[in-house]
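Accompanying notes for the structure given below.
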Amino acid sequence: MTDQQNNGAAEANGPQFSLQRIYVRDLSFEAPKSPQIFRQQWEPSVSLDLNTRQKALEGDFHEVVLTLSVTVKNGDEVAFIAEVQQAGIFLISGLDAASMSHTLGAFCPNILFPYARETLDSLVTRGSFPALMLSPVNFDALYAQEMQRMQEAGEAPTVQ
8 MTDQQNNGAA EANGPQFSLQ RIYVRDLSFE APKSPQIFRQ QWEPSVSLDL
58 NTRQKALEGD FHEVVLTLSV TVKNGDEVAF IAEVQQAGIF LISGLDAASM
108 SHTLGAFCPN ILFPYARETL DSLVTRGSFP ALMLSPVNFD ALYAQEMQRM
158 QEAGEAPTVQ
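Residues in the sequence shown are numbered from 8 upward in steps of one, following the numbering used here.
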């Protein structure tokens with residue numbers, strides 16, 4: 008083999024990461040107090056629930072789903088509830104278990120977040136409410152907290 012062929016073989020056997028597709032898996036919006044809520048003084052309180060899950064597909068393909076659930080109250084009344092499940096299919100190979108766990112648990116959700124945030128903002132404004140403009144999320148910190156929690160609980164991280 009020539010040096011060029013050796014380098015090509017080494018690159019082929021090294022870690023690989025490729026985004027295959029980004030899509031909305033599920034989407035919902037509910038404004039239970041409309042139209043009355045539009046006639047009130049707007050003083051919202053926002054509750055955000057963020058969740059990720061991953062699933063191994065065939066070969067080296069993985070689906071990662073980032074779920075953003077938002078409940079906005081105006082006073083004691085729920086103004087709206089919105090949820091988006093933003094998903095992506097990623098081709099990932101050549102990583103050790105810890106790197107794969109970190110990639111699926113932090114790196115992939117970080118890629119999906121801007122899409123989920125934009126979808127959620129669009130959904131909320133179509134419901135005639137002000138855009139949410141969610142702040143960026145530090146998925147590396149969230150991943151580290153989850154690994155710490157799992158370690159303290161004696162659980163092992165799993166990749167499905």
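Each residue gets a CB set at the ideal place from its N, CA and C atoms; glycine is no exception.
In the same chain as Gln-92, and ignoring 5 residues on each side of it, the C-beta atoms closer than 6 Å to its own belong to Arg-32, Asp-33, Val-72, Thr-74, in chain order. Contact check for Asn-81 against Ile-44 passes: the beta carbons are separated by less than 8 Å.
Secondary structure at Asn-145: coil, using DSSP grouped into helix, strand and coil. Put simply, the backbone Cα of Ser-108 is about 31 Å away from that of Ile-88. Apart from the 5 residues on each side of it in sequence, Leu-141 sits with its Cβ closer than 6 Å to the Cβ of Arg-124 in its chain, given in chain order.
Comparing alpha carbon positions, the residue from Gln-48, Arg-60, Met-157 closest to Gly-95 is Arg-60.
Scanning its chain for C-beta atoms nearer than 7 Å, with the 5 sequence neighbours on each side dropped, one finds around Gln-47 the residues Asn-81, in chain order.
Shown here, Asp-128 sits in a helix according to DSSP, grouped into three states.
The shortest CA-to-CA distance from His-69 to any of Val-77, Glu-162, Ile-29 is the one to Ile-29. One thing to note: Leu-139 has its Cβ within 8 Å of the Cβ of Val-53. For Ala-104, the uninterrupted alpha helix (DSSP H) run begins and ends at 104 to 109, by DSSP. In the structure shown, Gly-112 adopts helical secondary structure according to DSSP, grouped into three states. Annotation: Ala-38 is outside any beta strand (DSSP E) and is labelled neither H nor E by DSSP.
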